[in-house]
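Each residue of the sequence shown is one higher than the one before, counting from 2 in the numbering used here.
Just below is one structure, and these are the notes that go with it.
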Amino acid sequence: MSEKTASRSSEPIDEALIERIDRYIERLFVPHDPSLEQNIGAATAAGLPEIQVSANQGKLLYLIAKMARASKMLEIGTLGGYSTTWLARAMPGDGKLITLELDPKHAAVARGNLERAGASERVEIRIGRAAETLRQMIGAGEPPFDLIFIDADKPGYVEYLNLSLQLARSGTVILADNVIRHGRVLEENPPDENARGAKAFNDAIAAHPRLESILLPIFRDKVDGLSISIVK
Ligand code: SAH
Ligand code: DHB
Ligand code: MG
2 MSEKTASRSS EPIDEALIER IDRYIERLFV PHDPSLEQNI GAATAAGLPE IQVSANQGKL
62 LYLIAKMARA SKMLEIGTLG GYSTTWLARA MPGDGKLITL ELDPKHAAVA RGNLERAGAS
122 ERVEIRIGRA AETLRQMIGA GEPPFDLIFI DADKPGYVEY LNLSLQLARS GTVILADNVI
182 RHGRVLEENP PDENARGAKA FNDAIAAHPR LESILLPIFR DKVDGLSISI VK
């Protein structure tokens with residue numbers, strides 16, 4: 002290895018460059034969209050945290066859902082319905098998306114946003130603790146989903162995975178957001194419970210006999226990531 006290569010590889014990540022690349026991708030592939038911009042505006046106005054997926058990640062979720070030809074989807078963690086809207090747009094006309102949210106205030110904002118986006122008829126928001134709602138669905142014999150997106154509280158991720166697998170079939174795509182946490186999942190004992198939850202989830206999908214998986218780093222303000230799994 003040349004000295005130049007060695008010194009370059011030890012330089013810190015150029016966050017300004019990553020931000021410019023992200024904007025470049027957005028400019029090319031995520032056209033200006035009043036409905037999605039209104040969605041974020043309404044969420045901000047209502048005081049919701051600005052932790053929705055980025056525009057580029059929304060487009061990625063949309064493309065994965067289309068590639069999987071998903072018409073029955075489950076989302077765990079609705080917030081203001083931003084990722085919900087991206088996923089709903091990927092569904093065929095007879096598709097159905099169920100999204101789970103603990104906070105009734107978030108659900109109310111999402112309901113308004115989904116109505117404005119023309120998606121409310123095909124999206125059902127279920128309010129409550131996701132693990133309980135998932136257990137109810139399993140108990141009621143809910144038919145399997147084509148795609149499941151996990152994005153609620155990170156300490157719950159392993160439980161959501163195990164419950165999701167009971168609502169899946171061979172070929173179901175399981176995605177999860179926030180699985181890198183700016184590299185905190187690399188630590189043996191991550192300092193915060195969100196990173197610990199994400200790390201435990203990553204270990205679980207890596208070892209799971211029913212799953213084939215990968216993690217995709219996602220650049221927002223920091224480096225985070227999306228896990229992509231398919232059920233064998
Ligand atoms: N998917 C959204 C972001 C979700 S943020 C988007 O990208 O647009 C995480 C959401 O999970 C928050 O709205 C939070 O209220 C919700 N949440 C947290 N704990 C939960 C639980 N136990 N059950 C269901 N939802 C939960
Ligand atoms: C955060 C980001 C998320 O996408 C999420 O679902 C929850 C929390 C965060 O950056 O804190
Ligand atoms: Mg998230």
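Idealized CB from N, CA, C, for every residue including glycine.
Within 10 angstroms of the Cβ of residue i, are there 16 or more other Cβ atoms? Answer buried if so, exposed if not.
i, result
"Thr6", "Interpretation of Thr6 is limited by its pLDDT of 45, a score under 50 that renders its predicted location unreliable; no figure is taken from the coordinates."
"Met68", "exposed"
"Ser230", "buried"
"Ser36", "exposed"
"Tyr25", "exposed"
"Thr45", "exposed"
"Phe146", "buried"
"Arg21", "exposed"
Considering only residues of the same chain and omitting the five flanking positions on each side of residue i, which have a CB-CB separation below 6 Å?
i, result
"Leu164", "Leu135"
"Ser8", "Interpretation of Ser8 is limited by its pLDDT of 43, a score under 50 that renders its predicted location unreliable; the figure taken from the coordinates is listed afterwards. If we look at Ser8 and ignore the five residues flanking it on each side, it has no Cβ neighbours."
"Phe150", "Glu76, Leu176"
"Ile215", "Ile229"
"Gln58", "Ile219"
"Arg197", "Pro191"
"Leu148", "Ala66, Ala69, Ala71, Met74, Val174"
Using C-beta distances below 8 Å, list every residue in its chain close to residue i, excluding the 5 sequence neighbours before and after it, in chain order.
i, result
"Ala201", "Tyr158, Val159"
"Asp63", "The amino acid at residue 63 is misidentified as Asp; the sequence shows Tyr. Cβ neighbours of Tyr63 beyond the five flanking positions: Trp87, Leu88, Arg90, Ala91."
"Tyr83", "Leu37, Asn40, Ile41, Ala44, Gln53, Val54, Gly59, Asn114"
Would you check if the distance between the CB atom of residue i and the CB atom of residue j is smaller than 8 Å?
i, j, result
"Leu49", "Gly78", "no"
"Ser228", "Ile206", "yes"
"Leu168", "Glu189", "no"
"Ser121", "Asp95", "no"
"Ser55", "Arg221", "yes"
"Thr85", "Val124", "yes"
"Gly226", "Leu217", "yes"
"Ala131", "Tyr161", "yes"
Which residue or residues does DSSP assign as beta-bridge partners of residue i?
i, result
"Phe220", "Val224"
"Phe150", "Glu76, Leu176"
"Lys97", "Lys73"
"Ile215", "Ile229"
"Glu125", "Ile99"
"Ala169", "Phe146"
Considering only residues of the same chain and omitting the five flanking positions on each side of residue i, which have a CB-CB separation below 7 Å?
i, result
"Gln39", "Arg117"
"Met138", "Leu168"
"Ile126", "Thr79, Thr100, Glu102, Ala108, Ala111, Arg112"
"Pro93", "Ser72"
"Ala199", "Lys155, Tyr158, Asn179, Val180, Arg182, Val186"
Quick one: does the C-beta of residue i sit closer than 7 Å to a heavy atom of the ligand ATP?
i, result
"Ala131", "What this structure holds is the ligand SAH, the ligand DHB and the ligand MG, not the ligand ATP."
- Message: Closer than 5 Å between the C-beta and any heavy atom of the ligand MG: which residues qualify, listed along the chain?
- Response: Asp152, Asp178, Asn179
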